[in-house]
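Numbering (our numbering), first residue to last: 311 to 736. By construction, the Cβ of each residue, glycine as well, lies at the ideal position given by its N, Cα and C atoms. In this text the structure is predicted, and so the values were computed from the model without any measurement.
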């Protein structure tokens, strides 16, 4: 963002909680409390990591100075307003990638921006359709931004240490639709209670999707996907897209493509259009099979809802699960109930939340668990407990910052551990 603003001729001051304040004309940093040196500020360009309640953000807001993130800046600077944006707690990355993949296959000039593509500010000079994954943190700092096609996938407890309540989290997500008009499209998941609530509040053209509700625009039934009651695709032969979270992502993606007017085109090309789709790493990524035991990396499952979706795709008695990580102000009671009900074979607990998850498991009378000091020890423990035909699943239900840089680092570490294990058992 800094280089973009400087190229636009802006005089940029930097602020960091730890480093302090850097002025354009000097290389040294001043103390963070020296905000008096900032002079006349026309705009605060904020990183989404800064909460709206941060003292310096509150100070500038009280002075009436605009506070925008990169999403708002890109939207204001880009002449074309043909954005596609995807938000929700889970599935954003896959849905974003699916939309871009399908559009490209249809010959449409599109590109992903933001967390999974190039920086969102690069969309300003892009001549095609930008497809962007949007977080609640980014949406807290939008005013005019709104996509031509907006997709709301789901909402489950996450980031409550930032948003306070689920209602606060929901309001942040709904900012994406606040300034849409009657020419825009709002797409909601009818299987999600917050999605149904959101659908009742928008004033743009509404599209809904569902895994089982036939009264929605796009729905799944008997191995087929339908649009407005007309059969679109037969996906009965795809085990991966029949997995509930991926099916939800696919329905959301197809809804966006339908909104753009490509329903007949994608019906003609059929499901084969996704034959070479490459799934994102760290989400239900099959790593290796060692002596009949399958190891799966689902490190991107950083909240309880993601892990619940993951374990519901397997037979519990064949599942060995790695849980735990850094705290997110959430409860693990529902997860423990599901583990108990499904008869999960064994659970390895790691990280700073291991004690909290243990307590939830104890409440429901589940005792097939062990607390381990490292991810490597957890993998080794479950390998010893596993038999041919079992699945060892890393799906932590927690963030990763207690032991790793991020979920990608955690997933990569898991892959390395499993690959080393495979080498030792050739």
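**OP:** Tell me residue 537's beta-bridge partners as DSSP assigns them.
**Re:** 528 and 540
Original post:
For residue 545, which of helix, strand or coil comes out of DSSP?
Top reply: coil
Original post:
Quick one: is residue 511 buried, meaning 16 or more other Cβ sit within 10 Å of its Cβ, or exposed?
Top reply: exposed
Subject >> residue 676 versus 648, 460 and 700, residue with shortest Cα-Cα distance >> reply: 648
Original post:
Taking all protein chains shown into account, do 16 or more other C-beta atoms lie within 10 angstroms of the C-beta of residue 324, making it buried, or fewer, making it exposed?
Top reply: exposed
Original post:
If you draw a straight line from the alpha carbon of residue 361 to that of residue 367, how long is it in whole angstroms?
Top reply: Whole-angstrom Cα-Cα distance: 8 Å.
Original post:
Excluding the five sequence neighbours on either side, which residues of its own chain have a C-beta within less than 7 Å of the C-beta of residue 577, listed in chain order?
Top reply: Apart from sequence neighbours up to five positions away, the residues of its chain that approach residue 577 with a beta-carbon distance below 7 Å are 542, ordered along the chain.
Subject >> Inter-residue Cα distance where the pair is residue 336 and residue 553 >> reply: In this predicted model, residue 336 has a pLDDT of only 49, less than 50, meaning its place in the structure is not dependable; the value taken from the coordinates is given anyway. Distance between the alpha carbons of residue 336 and residue 553 is about 55 Å.
Original post:
Which residues in the same chain have their Cβ closer than 6 Å to the Cβ of residue 447, if we skip the five residues on either side of it in sequence?
Top reply: 358
Original post:
What first and last residue would you give for the beta strand (DSSP E) that runs through residue 330?
Top reply: For residue 330, the enclosing beta strand (DSSP E) stretches over residues 330–332.
Subject >> Proximity of residue 604 and residue 561 at Cβ, strictly below 8 Å >> reply: no
**OP:** Take the Cβ of residue 502 as the centre, count every other Cβ of all protein chains shown within 10 Å, and call the residue buried at 16 or more, exposed below.
**Re:** Its Cβ being crowded by 16 or more others within 10 Å, residue 502 is buried.
**OP:** Helix, strand or coil for residue 573, going by three-state DSSP, please let me know.
**Re:** helix
Subject >> Beta-ladder partner(s) of residue 599, from DSSP >> reply: 604
Original post:
On the three-state DSSP scale, how would you describe residue 680?
Top reply: strand
Original post:
Among 328, 322, 363 and 403, which has the Cα closest to the Cα of residue 588?
Top reply: 403 is the residue among 328, 322, 363 and 403 whose C-alpha sits nearest the C-alpha of residue 588.
Original post:
From the DSSP output, which residues share a beta bridge with residue 460?
Top reply: 395 and 496
Original post:
In the structure shown, what three-state DSSP assignment does residue 490 receive?
Top reply: coil
Original post:
Within this structure, are the beta carbons of residue 707 and residue 642 separated by less than 8 Å?
Top reply: A contact, by the Cβ cut-off of 8 Å.
Original post:
For residue 329, does the count of other Cβ atoms within 10 angstroms reach 16, so buried, or fall short, so exposed?
Top reply: Exposed.
Subject >> Alpha-carbon spacing of residue 594 relative to residue 616, whole angstroms >> reply: 11 Å
Subject >> Own chain partners of residue 698 with C-beta closer than 8 Å, once the 5 adjacent residues on each side are dropped >> reply: 601, 602 and 603
Original post:
Ordered along the chain, which non-local residues of its own chain (more than five positions away) have a Cβ less than 7 Å from that of residue 634?
Top reply: 659, 660, 661, 663, 664, 667, 706 and 708
Original post:
Roughly how many angstroms lie between the CA atoms of residue 690 and residue 550, to the nearest whole one?
Top reply: 27 Å
Original post:
Within 10 angstroms of its Cβ, does residue 364 collect 16 or more other Cβ (buried), or is it exposed?
Top reply: Around the beta carbon of residue 364, a 10 Å sphere encloses fewer than 16 other beta carbons of the protein chains shown; the residue is thus reported as exposed.
**OP:** Grab the span of the beta strand (DSSP E) containing residue 689 for me, first residue to last.
**Re:** Counting along the chain, residue 689 falls outside any beta strand (DSSP E), though it belongs to the alpha helix (DSSP H) covering 685–695.
**OP:** With DSSP as the reference, label residue 352 as helix, strand or coil.
**Re:** When DSSP states are grouped into helix, strand and coil, residue 352 belongs to the coil group.
**OP:** Give the straight-line distance between the Cα atoms of residue 639 and residue 476, rounded to the nearest whole angstrom.
**Re:** Rounded to whole angstroms, residue 639 to residue 476 spans 12 Å at the Cα level.
Original post:
Per DSSP, residue 519 is paired with what?
Top reply: Per DSSP, 499 and 528.
Original post:
What do you reckon, are the CB atoms on residue 569 and residue 674 nearer than 8 Å?
Top reply: no
**OP:** Closer than 7 Å by C-beta to residue 383: which residues in its own chain qualify, once you throw out the five before and the five after it? Chain order, please.
**Re:** 355 and 431
Subject >> Contact between the region 369–376 and the region 434–442 (3+ Cβ pairs under 8 Å) >> reply: Three or more beta-carbon pairs separated by less than 8 Å are not found between the region 369–376 and the region 434–442, which leaves the two stretches without contact.
Subject >> Residue span of the beta strand (DSSP E) that contains residue 632, given as start and end >> reply: 629–633
Original post:
Going straight from the alpha carbon of residue 352 to that of residue 454, what length do you get?
Top reply: 17 Å
Subject >> Residue span of the beta strand (DSSP E) that contains residue 325, given as start and end >> reply: 324–326
**OP:** List the endpoints of the continuous alpha helix (DSSP H) containing residue 619.
**Re:** Residues 614–621.
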